[in-house]
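The sequence shown begins at 1 in our numbering and counts up one residue at a time.
Have a look at the structure below, then the notes.
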Amino acid sequence: MLQFELTSDFIINETLKPHVREDFRVAYPGKPLRYDEDSDSTIYPKIVATGSGNTVQEPAAVSILLGMTGTDKPNVVYIGTPFFDRDDKYNTGTKAFRDLGCQIERLMVAKNSTTPSFPEMRRIIVEWADLIVVSGGNSLFAMLRWRTTGLDQLIKEAALKGTVLCGGSAGCGCWFDSMQTDSLKPEACKLSEKVLAELSPEQRLDWSFVRISCMGFINAFCVPHIDTVGTNNVARVDIAKKMLLEAHFDPSYEAPVFGLGVDEKAVVAYEEGKITIISAGDRHDGLGPATCYILFVDGRNEVMVIPITPNTGEALTMEEMIERAMRSVEAVQSPMDLIVSQEVTDACAIRGSTFNTEMIDTLDDGAATSVQSMPNVGGALPIAASMDVLDEFISGMKERCLQSIVEVNDG
1 MLQFELTSDF
11 IINETLKPHV
21 REDFRVAYPG
31 KPLRYDEDSD
41 STIYPKIVAT
51 GSGNTVQEPA
61 AVSILLGMTG
71 TDKPNVVYIG
81 TPFFDRDDKY
91 NTGTKAFRDL
101 GCQIERLMVA
111 KNSTTPSFPE
121 MRRIIVEWAD
131 LIVVSGGNSL
141 FAMLRWRTTG
151 LDQLIKEAAL
161 KGTVLCGGSA
171 GCGCWFDSMQ
181 TDSLKPEACK
191 LSEKVLAELS
201 PEQRLDWSFV
211 RISCMGFINA
221 FCVPHIDTVG
231 TNNVARVDIA
241 KKMLLEAHFD
251 PSYEAPVFGL
261 GVDEKAVVAY
271 EEGKITIISA
281 GDRHDGLGPA
291 TCYILFVDGR
301 NEVMVIPITP
311 NTGEALTMEE
321 MIERAMRSVE
331 AVQSPMDLIV
341 SQEVTDACAI
351 RGSTFNTEMI
361 DTLDDGAATS
371 VQSMPNVGGA
381 LPIAASMDVL
391 DEFISGMKER
401 CLQSIVEVND
411 G
């Protein structure tokens with residue numbers, strides 16, 4: 001069973017590159033893990049995913065995790081494969097759970113020499129764990145080792161039993177159908193600090209994000225850290241849009257690909273097939289609360305990035321979130337809304353910023369309730385136009401339109 005193992009703790013990107021397009025799914029994307037026709041009941045995995053690894057330990061995330069597990073002191077299994085089972089990452093990645101007095105088992109499968117027997121892994125993962133925590137780090141390496149050791153199937157078995165799955169960064173994207181990852185950057189190895197010390201500034205920039213398949217529990221292309229710029233100075237959101245367009249025009253995909261971008265301090269709670277978005281802090285740029293975004297290609301072959309209002313307590317399926325996002329774009333692309341959007345953009349420009357109006361948040365009826373915009377430079381994410389500005393311009397545009405009708409009639 002043990003087929004993939006690294007021979008070096010130093011630069012590994014050339015070793016990983018041939019595996020980028022491999023399929024790591026263990027579930028049919030977005031479908032229940034099990035459906036019982038007799039009882040008409042379904043089993044979905046319970047997942048808590050955050051944009052960065054550290055956010056898993058934020059009070060907001062920990063509270064959700066405890067609620068899902070149903071206990072104040074869950075049995076925690078820490079899987080540090082993406083960080084190559086580094087001791088320092090284990091210590092920082094389990095602090096919140098140690099502070100709670102939780103029992104913690106550390107499952108180390110980055111190397112054959114530390115990988116337990118399959119029965120022992122099953123005892124830990126399936127029979128003992130209430131909560132599985134996956135670290136950040138190198139997602140592609142983790143997917144390869146999990147498949148090699150059979151850990152991926154054990155995690156699925158644990159999910160069927162009701163064990164909660166969680167993680168940030170790599171530990172966020174691994175639960176989705178696919179994810180954006182920086183697994184091929186030169187420092188994405190165990191001796192990352194040593195690599196960075198030896199690389200020139202040019203070499204540090206010489207890498208690209210890639211899209212890889214993951215376990216397939218949530219049917220979306222996940223973009224962790226979407227509010228940040230990679231160490232190659234490329235905004236993650238920009239590459240995510242490019243990746244979506246490539247998938248959109250790829251004939252091998254039978255259905256459209258939709259993305260879910262996750263800010264570093266955002267929390268995705270997935271239970272019974274529905275998603276709730278929670279903000280555990282501010283966006284990376286400090287401009288408003290962290291949140292998540294629906295990404296999709298519209299009818300004009302442009303990628304829309306639509307923010308989701310966090311902390312509403314609302315639980316929606318991925319399909320419902322996509323439908324709502326698409327309705328919001330349809331609303332703003334009507335002639336009246338385009339005029340209003342331009343007026344809001346002009347107002348923001350007067351206040352010292354340059355925007356293109358791309359992000360819209362909507363009510364159930366599809367009417368725009370706020371306009372948020374993506375800055376044209378720097379890769380930072382949206383700044384909200386205030387509601388009073390929006391209301392003022394809507395009222396003004398109505399008056400102008402009525403006046404135009406009067407003038408036409410009089411003429």
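Heads up, the beta-carbon is just placed ideally off N, CA and C, and yes, glycines get one too.
- In the three-state reduction of the DSSP assignment, F141 falls in the helix class.
- When Cβ pairs closer than 8 Å are counted between the two stretches, the segment 201–217 is seen to touch the segment 172–190, the count reaching three or more.
- A direct Cα-Cα distance of roughly 9 Å separates L6 from L16.
- With three or more CB-CB distances shorter than 8 Å, the segment 299–313 counts as touching the segment 273–284.
- From the listed residues Y35, V223, K190 and N233, the smallest Cα separation to L205 is found for N233.
- Taking 8 Å as the cut-off, the Cβ atoms of C166 and I306 do not count as close.
- A residue is called buried once 16 or more other Cβ atoms fall within 10 Å of its Cβ, and Y293 is buried on that count.
- With a 10 Å radius around the Cβ and a threshold of 16 neighbouring Cβ atoms, S200 comes out exposed.
- Per DSSP, the beta bridge partners of G259 are F221 and L295.
- The C-alpha of I11 is placed about 39 Å away from the C-alpha of K73.
- If you draw a straight line from the Cα of D87 to the Cα of D40, it comes to about 45 Å.
- Taking a cut-off of 8 Å on C-beta distances, the segment 26–34 does not touch the segment 124–138, as fewer than three cross pairs fall below it.
- As summarised for the segment 180–259, the continuous beta strand (DSSP E) elements at least 3 residues long and confined to that stretch are 210–213 and 218–224, given in chain order.
- Fewer than three beta-carbon pairs drawn from the segment 91–100 and the segment 139–157 are found closer than 8 Å, and the two stretches are therefore not classed as touching.
- Beta-bridge pairing by DSSP links I104 to V76.
- Around the beta carbon of P45, 16 or more other beta carbons sit within 10 angstroms, so the residue counts as buried.
- Inclusion of T291 and D263 in the CB contact set at 8 Å is warranted, their separation being smaller than that value.
- For the pair S192 and T71, the Cα-to-Cα distance works out to about 37 Å.
- Going by C-alpha positions, M108 is about 22 Å away from T181.
- With the rule of 3 Cβ pairs closer than 8 Å, the segment 137–149 does not count as touching the segment 29–38.
- Here the alpha carbon of P18 sits roughly 43 Å from the alpha carbon of A331.
- In the three-state reduction of the DSSP assignment, T50 falls in the strand class, which pools E and B.
- Separation of the CB atoms of V297 and L260 is rounded to 15 Å, and the pair is thereby denied contact status at 8 Å.
- Annotated as distal: T92 and I132, with beta-carbon spacing of 8 Å or more.
- Taking 8 Å as the cut-off, the beta carbon of G171 is found no closer than this to the beta carbon of P59.
- If the five residues before and after G281 are omitted, its C-beta is found closer than 6 Å to the C-beta atoms of K265 and A290, all from its own chain and listed in chain order.
- Boundaries of the beta strand (DSSP E) harbouring D36: R34 to D36, taken from the DSSP string.
- For K95, the enclosing alpha helix (DSSP H) starts and ends at K95 to D99.
- One thing to note: D285 has its Cβ within 8 Å of the Cβ of D227.
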